[in-house]
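To keep things clear, I will list the structure first and then write my remarks on it.
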Amino acid sequence: MNRAVCITTWREFKANKVRIIMLTLLFLGPVVVFTMRRCTSPEALNEDLLSHPCMASFFTLLWAAGVIGREVQNGTIALVLARPISIATYVYSKWFAVAFAASLCAVEAVFCEHIISAVNCPALLWRTEFLTNGVERVLLCFGTAAFLILLSSMVSGLKDLAVLAGYGFSFMVFASVSSMVHHLCAVAHFDPDLVSGAFRAIEHIFAGIIFPYVQWSVFFSGDLFALGSIVSYLTLITCSLALAIRVLTRKEFSYAAD
Amino acid sequence: MQPTKSKSTRYQPKGLYLCAGALAILSTICNFGEQFASDYFAQINDYLAGTSPIQWRSREQAVNEAKAKRKPILYVVLVKGDVYSMRLSGEGLHDAAAAALINKNYIPVKIVYNEARNYKTPKGDAKVLYDLGFNISNGSLITVPWQMTDMHCSDILSTANLAEMGVEDTTNLEKGSRWNYNQNYNSYHTRGQFGELYGPSSKSIFSGYTDRQQLIDYLQTANLWHQLPATKGKIAWLPEETLKKPLTDKPRLIALVENYGASSDGMRLDLFWRKSQYDLINQSFEPVLVEFRHGDKAYNEKFQYLKDKYGVTSLPALVVEGAKLKAPLVQFGNSGSSGTDDFLQSALTGKEKTSHNFERYPHGAHYRAHHH
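So the protein sequences, as listed, match chains A and L. Residues 1 to 258 in our numbering are what the first sequence lists, from first letter to last. Residues 1 to 372 in our numbering are what the second sequence lists, from first letter to last.
Next up, the structure:
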């Protein structure tokens, strides 16, 4: 981990006004929705209205988009690597910088939402749901950040967003195909166990990569099935970082790649 | 001066690669294992969790025992891979206090359901619940009163007891609106997901286990489900002996209803509580309520002659007999407020009146004159 790389990443984000505006909107979006709910439904005043932990994915996306790609594009990476830093350290630092910053934003957002709920109904102050929500957000940020770092290392500039869109599209196509195959099996009176099981497993992998959501309760379930989701989560992080390092070490960098 | 040791720029972290490879293999095994070998996982899991202190029965045993001991059946549906089921089976069902409550107040049946994730039709006991209309794709606890073991999900979840419905103010009921109470009833799946005890149906179904206290709260109240009598509304019912007396100037309205079931509950709430209708019935009819008890053949035997006499095969039904009517008029099923308005007017005037409601739903509730 390199402190200078982390700080540079955060400073760079601060300089980008569009991202700052989008970050503010991400904060305000759920707050506005909840305020409208409170205005229209008095029951909502007594509820701890918290947005879903999936909001953390959007915060991470905002922080991670083009985090390596842009440095490759404008040649900064060549200057950074001229220092005694290995590509592995550079990737770890970028991952940590993005995940930490996104976690901070996501946790702060849920904390604000909780405080607003508590202002409306002080009895909600000691409800611990927001803590669970916060922990799940942090896990989600670190998982998503690893995958987005991989995408960013593969292409230059902000093209990783296009790759991400392509990934989502292929996931949808795959889901449609698997559903079609399942129905065809049923029509043909063919036992669909094997086919549908395989499709479901691949769907899980697809979904787990783009949305590595681990429920906090899994850690306390005392169940073997819980192991699967934790292993998948760790796999995503290690494989993404390993691939990102592998891709970057095989690239030639210049002061102006594109 | 000693030179600083640093790794080369293109240093390859072999440890990370190895770790990633191993985890990828393990993850694939876990993922495909979940799809194809869940039963083995479940067996190992049960072994690790230890013996459950709950005395499980098979469904067949439970139905007989529930009727003999007059205790409700508690179906514990555990779905493989469902996080709430994991917690419920790992923590909730091994809790001594919860287990003691279950053993004391319920006849428990455990249903492990593996097929939800593989698009298969459920088998065994899971199929029975599925056929009864229960949503078993999520882990849940379902309490079925001993009198209702053969009834459909909609009948079990329905209630016409105002306390069970949580109705304190009957203004809406008197206006003929059940909407406020039905909204909880219809959305129990989504609300239940968060483990909150909302609405009447949540007293029978509990899903989305998150902690022991919620489970204990549910177990302490769910065994009382359907132990309170259904409402008789604001109609001034005459005693059953009136049926043996000769007809008077006023036409006699006989309401044949069951003590349980969505249709009978619907009639109680639509007709017996609606001001315009109970005013009309109290003024112009001789109302008699005949309550059948679901599954109690010995008790129902004494009213069987009414069913035979008016050709009633399913409950609820309304019958009007009067000196001015050529033949008794019978309404089969609950036709809602507007349909019953027409029925009562027809009974008073002797002229058949059909509302749009009937034309639109020709296969729903209907009424006809019953000729002997």
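We treat Cβ as the ideally placed atom computed from N, Cα and C, and that holds for glycine.
Asked: Along the segment 15 to 34 of chain L, what residues have a CB closer than 7 Å to any CB found in chain A?; Found: L16, Y17, C19, A20, L23, A24, L26, S27, C30, N31, F32 and E34
Asked: By how many angstroms is the C-alpha of L:L157 removed from the C-alpha of L:Y185?; Found: Reliability fails at L:Y185, whose pLDDT of 40 lies under 50, so the model's placement of it is uncertain and the value that follows must be treated cautiously. Rounded to whole angstroms, L:Y185 to L:L157 spans 8 Å at the Cα level.
Asked: Taking Cβ positions only, does L:P122 come closer than 8 Å to chain A?; Found: no
Asked: What span of residues does the alpha helix (DSSP H) with L:E174 cover, start to end?; Found: T171 to K175
Asked: For a minimum of 3 consecutive residues, which ranges assigned as the beta strand (DSSP E) are wholly contained in the segment 224 to 270 of chain L?; Found: 252 to 258
Asked: Just mark A:K94 as buried or exposed, buried being the case when its beta carbon has 16 or more other beta carbons within 10 Å.; Found: buried
Asked: Since A:L23 contacts A:L62 with CB under 8 Å, what's their CB separation in whole angstroms?; Found: 6 Å
Asked: Please go through the same chain and pick out, in chain order, the residues whose beta-carbon is closer than 6 Å to the beta-carbon of L:P287, but skip the five residues on each side of it.; Found: I235, W237, L253 and I281
Asked: Do L:S276 and L:P316 come within 8 Å of each other at the CB atom, strictly closer than that value?; Found: no
Asked: Quick check: what's the CA-CA separation for L:M86 versus L:I111?; Found: 13 Å
Asked: What does L:S276 reach in chain A if we use C-beta pairs closer than 8 Å?; Found: In chain order: nothing, as chain A lies at least about 30 Å away.
Asked: To be precise: take each residue of the segment 59 to 85 of chain A, compare its Cβ to all Cβ atoms of chain L, and keep it if any distance is under 8 Å. Which residues remain?; Found: L81, P84 and I85
Asked: Residues of chain L with CB closer than 7 Å to the CB of A:A204, please, in chain order.; Found: Just to set this straight, residue 204 of chain A is His in the shown sequence, not Ala. Here the neighbours are N31.
Asked: Rounded C-beta distance between L:I107 and L:A62? I'm assuming under 8 Å.; Found: 5 Å
Asked: Can you confirm whether the segment 228 to 236 of chain A touches the segment 12 to 29 of chain L when touching is taken to mean that 3 or more C-beta pairs between the two stretches lie within less than 8 Å?; Found: yes
Asked: Could you check whether A:A106 and A:M55 sit closer than 8 Å to each other, using their CB atoms as the reference points?; Found: yes
Asked: Buried or exposed: where does A:H52 fall if 16 or more other Cβ atoms within 10 Å of its Cβ makes it buried?; Found: exposed
Asked: Taking the alpha carbon of A:A65 as the reference point, which residue from A:A188, A:H183, A:G208 and A:A97 has its own alpha carbon closest?; Found: A:A97
Asked: Is the CB of L:P389 under 8 Å away from at least one CB in chain A?; Found: Absent from the structure is residue 389 of chain L, since the part of chain L shown begins at 1 and ends at 372.
Asked: Leaving out five residues before and five after A:L124 in sequence, what residues of the same chain have Cβ atoms less than 7 Å from its Cβ?; Found: D48, S117 and A118
Asked: What residue range is occupied by the uninterrupted beta strand (DSSP E) comprising L:K7?; Found: Segment: none, L:K7 is in no beta strand (DSSP E) and carries neither H nor E.
Asked: Alpha carbon to alpha carbon, how far is L:E258 from L:G295? Give it in angstroms, no decimals.; Found: 10 Å
Asked: Taking all protein chains shown into account, do 16 or more other C-beta atoms lie within 10 angstroms of the C-beta of L:W273, making it buried, or fewer, making it exposed?; Found: buried
Asked: Quick one: grab the DSSP three-state call for L:R57.; Found: strand
Asked: For A:W10, I'd like the list of residues in its chain whose CB is within less than 8 Å of its CB, leaving aside the five on either flank, ordered along the chain.; Found: A97 and A101
Asked: Helix, strand or coil for A:I245? Go by DSSP, reduced to three states.; Found: helix
Asked: In chain order, which beta strand (DSSP E) runs of at least 3 residues are fully inside the segment 147 to 171 of chain A?; Found: none
Asked: Flag A:L241 as yes if its beta-carbon sits less than 8 Å from any beta-carbon of chain L, otherwise no.; Found: yes
Asked: Just to confirm the assignment, what range does the alpha helix (DSSP H) spanning L:Q213 have?; Found: R212 to A222
Asked: Tell me the residue span of the beta strand (DSSP E) that contains L:F206.; Found: I205 to S207
Asked: If you draw a straight line from the alpha carbon of L:G233 to that of L:L269, how long is it in whole angstroms?; Found: 7 Å
Asked: Return the chain-ordered list of same chain residues with a C-beta closer than 8 Å to the C-beta of L:V109, the five sequence neighbours on each side being excluded.; Found: W56, R57, S58, R59, A62, I73, L74, Y75, V76 and D125
Asked: Quick one: give me the first and last residue of the beta strand (DSSP E) that L:Q331 is part of.; Found: L329 to F332
Asked: Tell me, please, which residues DSSP counts as bridged to L:A317.; Found: L:L256 and L:F332
Asked: Starting from the Cα of L:L93, find the closest Cα among L:L215, L:G311, L:M151 and L:G261 and give me that residue.; Found: L:L215
Asked: Report the CB separation of A:H114 from A:L26 in whole angstroms; it is logged as a contact under 8 Å.; Found: Rounded, the Cβ-Cβ distance is 17 Å, inconsistent with contact.
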